[in-house]
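Structure record follows, encoded as structure tokens.
Numbering (full-length UniProt numbering), first residue to last: 1 to 287.
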């Protein structure tokens, strides 16, 4: 694989097909990184003093209102928190803290503490030599199709507009409510005589569209796909479905991905973008 990084100027000089091939290469490189999607092996909620599968130490919640978890370990366990060897107890600050902690379990294994939408904190563990990385063969994708580069209208919502998004594993907890996400605006376009009004939630400086279509569960990943976009200065928004990507849960069962809301479910096939994660033998990695 060519792993040369192109400058924005060099990339702009490429054809759309070449730009997509470069995008695809960078995607495959990203998911196999030590903290990439394929490296994630565990996401475990800690609601009592307990062990975590695959890593040493005992883990426990902190008092209400404090960020992170407590780890209890001996020096022989070899756990480093923010560079210091744990021999007794240590606080592992969560990702919601201005200075989240870094956890090292070994040369290839890292950890971090994340918040859970239903409350509490979970430990995530990445293994640079995970089974997923070792078995990864590539990301299957549709060839470039210029017909799936769509110009849509962008209209901002009143500040504070939110919408509940169900997640893949929410059904495991009958009391779990949909996660409320800020919806900055609406994305509208017409295709083949059908009007679409998509919702996207904020993802850093971008907008994240979670969608499904007639290929979902057939030729593409069953849960759906993601598309990251940003409004244009002229008030439009470009939806290049050739850049549609698989959600993290397509790479690791330790992720809990948002599900496409009703208005983001296309009745037609969107034959553009990524399709499935493949093993080295060409089969589905998580078939």
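For every residue, glycine included, the Cβ atom is placed at its ideal position computed from N, Cα and C.
Residue ranges of each beta strand (DSSP E) run of no fewer than 3 residues wholly in the segment 41-98, ordered along the chain?
50-52, 55-61, 69-73 and 88-92
Between the beta-carbon of residue 20 and the beta-carbon of residue 242, is there less than 8 Å?
yes
I'd like to check one pair, residue 117 with residue 68: are the Cβ atoms closer than 8 Å?
no
Do the segment 256-270 and the segment 203-220 meet, that is, are 3 or more Cβ pairs less than 8 Å apart?
yes
Would DSSP call residue 22 helix, strand or coil?
helix
Evaluate contact between the segment 85-96 and the segment 54-71, counting only Cβ atoms and requiring at least three cross-stretch pairs below 8 Å.
yes
Going by other Cβ atoms of all chains shown within 10 Å of its Cβ, with 16 needed for buried, is residue 14 buried or exposed?
Answer is exposed; the Cβ neighbour count stays below 16.
Spatial neighbours of residue 133 within its chain, please: C-beta separation below 7 Å, excluding the five flanking residues on both sides.
Excluding residues within five positions, the ones whose Cβ falls inside 7 Å are 32, 38 and 39.
From this set, 228, 185, 186 and 191, which residue's C-alpha is nearest residue 203's C-alpha?
Selected option, being the one with the closest Cα: 228.
Can you tell me where the alpha helix (DSSP H) holding residue 219 begins and where it ends?
Taken as a continuous stretch (DSSP letters only), residue 219 belongs to no alpha helix (DSSP H), as it is neither H nor E.
Under DSSP, the alpha helix (DSSP H) around residue 9 begins and ends at which residues?
8-12
Just curious, the alpha helix (DSSP H) that residue 133 is in, first and last residue?
131-135
So, at 8 Å on beta carbons, what are the nonlocal neighbours of residue 97 in its own chain, with the 5 sequence-adjacent residues on each side left out?
67 and 68
For residue 195 and residue 260, I'd like the C-alpha separation in whole angstroms.
Distance from the CA of residue 195 to the CA of residue 260, rounded to the nearest whole angstrom, comes to 17 Å.
In this structure, does DSSP put residue 105 in helix, strand or coil?
coil
Curious, which full-length alpha helix (DSSP H) runs of at least 4 residues does the segment 141-165 contain?
none
Enumerate in chain order the residues of its own chain whose CB-to-CB distance from residue 184 is below 7 Å, with the five nearest sequence positions on each side excluded.
Counting only Cβ-Cβ distances below 7 Å, and skipping sequence neighbours, we find 156, 157, 202 and 207.
For residue 42 versus residue 110, is the C-beta spacing smaller than 8 Å?
no
Just the Cα atoms here: how many angstroms apart are residue 119 and residue 47?
Cα-Cα distance, rounded: 10 Å.
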